[in-house]
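Using my numbering, read the sequence shown as starting at 280 and increasing by one per residue. Backbone N, C-alpha and C fix where the C-beta goes; we use that ideal spot for every residue, glycine too. All figures in this text were calculated on a predicted structure; none of them were measured in a lab. Everything below concerns the one structure shown next.
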Amino acid sequence: MHANRDGRLTLQNPFYLNHTQLHLLGIQEVIITPTLLTFAQLQNFYTYTALERNWTDYFWSHQDLVVFALENQTYPDDQLSAAHAATRGGSGVAVRYSLYDRAVGTLQYLRQPGTPRWANHFFAYDHLTLVHRDAIIDVGGWDTHIPFYATDCDMYVRLMWAGYWQGETEVGIIMDVATVLDDVGALLRIPGVKAAFAGDPEPDGPEENREIEKKGESFERLVRIAKRMEEAKFQDGSNALRNTWQLRQTGGQGEPFARDPEGFETGIKMMIDTGRAVFAEKWGHRGCDIAAMGIKAEDAWRLQRDWDIETEGLGYEGDDW
């Protein structure tokens, strides 16, 4: 509730958020939810907030990411970039666009007359997503009976069935990670600060370390490190380690709304299983590949299971998840 705003949580509390720092960075307002929300509830809260504030479109993103602009590219090509620079009073030299510039440019394009009806525009799947509010409202919002995993499959397919286009554009390099850099100053290329993280499967050798100390970090090496961070998250070939980062902060005991980290994670996993079971019953199928089944939105809750519970397990079980 207001515990973060009022400074009642400490740094190692998993729910800590530094409002003062955000305001210093130029964030005008931090919108507070009335309670902890599931993923599906949060998505509906985004849409509700957009409706209340008359925002027709909005961006949302995952929080466990490392992102980079396409620093070694100009956009969309040298000629157009130079023309853009010239309009700013520059010398006509090609400019490099930030991830922000490219994402906002995508929004401007989608708002042009004649653009197909669209619902979501993805940047690295939904790690960063641009949402058209009225499309979400049109299909009835997110299904809150499916609180976490599989709720995206349910929503995006329902939007597809409703005739909405959902495209994807590369606006930067977006990595899904479960660990942190030893010193985030490496991203700012502070002299003497080296990008490294615990559990790196390919740590640098002495020669590379000397090169970094001499010349500092480079864009290419920072991207390589982030890629290794992403690979470490999915090293077992599944999503099993995806949320382990949430267990690492174990502080905050005795503070408002404190949760036992392991118990909290157990509860989340139980809700994930329940949501997948709901999805399976709703569409008669285990797994996200319902778009290929030849069914439609009106078939929800009217389909027989295409698996046998007695011999193949419950709705949240099986290899299709």
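Going by DSSP, name the residue or residues bridged to residue i.
| i | result |
| --- | --- |
| GLY446 | HIS400 |
| TYR337 | VAL410 |
Does the distance from the C-beta atom of residue i to that of residue j stay below 8 angstroms?
| i | j | result |
| --- | --- | --- |
| ARG584 | GLY563 | yes |
| VAL653 | LEU438 | Limits of the chain in this structure are 280 at one end and 600 at the other, which puts residue 653 out of reach. |
| PHE318 | PRO426 | yes |
| ASP336 | LEU409 | yes |
| PHE401 | ALA382 | no |
| ALA474 | THR458 | no |
| THR326 | ARG396 | no |
| THR430 | TRP421 | yes |
| VAL557 | HIS424 | yes |
| ARG507 | GLU487 | no |
| PHE347 | VAL456 | no |
| PRO535 | ARG287 | yes |
| VAL450 | ASP462 | no |
| TRP580 | ARG565 | no |
| VAL436 | ILE569 | yes |
| TYR428 | ARG555 | yes |
| LEU316 | PHE324 | yes |
| THR299 | THR385 | no |
| VAL309 | LEU303 | no |
| PHE498 | GLU350 | yes |
| ARG375 | GLN391 | no |
| THR529 | PRO540 | yes |
Alpha helix (DSSP H) containing residue i: first to last residue?
| i | result |
| --- | --- |
| PHE498 | 498-512 |
| ASP539 | No alpha helix (DSSP H) contains ASP539, which DSSP labels as neither H nor E. |
| VAL436 | 430-440 |
| ASN488 | 485-494 |
| VAL383 | 378-389 |
| MET588 | The sequence shown places Ile at residue 588, not Met. Unbroken alpha helix (DSSP H) run through ILE588: 588-591. |
Between which two residues does the beta strand (DSSP E) holding residue i run?
| i | result |
| --- | --- |
| VAL345 | 344-347 |
| MET454 | 452-455 |
How would you call residue i, buried or exposed, if buried means at least 16 neighbouring beta carbons within 10 angstroms?
| i | result |
| --- | --- |
| ILE453 | buried |
| GLY531 | buried |
| LEU378 | buried |
| GLU496 | buried |
| GLY594 | buried |
| ASN399 | buried |
| ALA414 | buried |
| VAL345 | buried |
| ALA365 | Low confidence applies to ALA365: its pLDDT is 49, below 50, so where it sits in the model is not reliable, and the reading given next is rough at best. Answer is exposed; the Cβ neighbour count stays below 16. |
| GLN387 | exposed |
| MET434 | buried |
| THR289 | exposed |
| ILE311 | exposed |
| ASP405 | buried |
| LYS575 | exposed |
| GLN358 | Note that GLN358 has pLDDT 46, beneath the 50 cutoff, so the model's placement of it is unreliable and the number below is only indicative. It is exposed - the Cβ of GLN358 has fewer than 16 other Cβ atoms within 10 Å. |
| LEU460 | buried |
| LYS512 | buried |
| LYS561 | buried |
| ALA362 | Because ALA362 carries a pLDDT of 45, less than 50, the predicted location of this residue cannot be relied on, and the following value inherits that uncertainty. Exposed: under 16 other Cβ atoms inside 10 Å. |
| GLN291 | exposed |
| SER360 | For SER360, the pLDDT reaches just 48, beneath the cut-off of 50, and the residue's location in the model is therefore unreliable, although a value from the coordinates is still provided. It counts as buried. |
| GLN322 | buried |
Hey, does residue i have any beta-carbon neighbour from chain C nearer than 8 angstroms?
| i | result |
| --- | --- |
| GLU589 | In the structure shown, chain C does not exist; there is a single protein chain. |
Ignoring anything shorter than 4 residues or poking outside the segment 403-427, list the alpha helix (DSSP H) runs there in chain order. The qualifying runs are 412-417.
Please give me, in chain order, every unbroken run of the alpha helix (DSSP H) with length at least 4 that falls completely inside the segment 284-342. 298-303, 318-331
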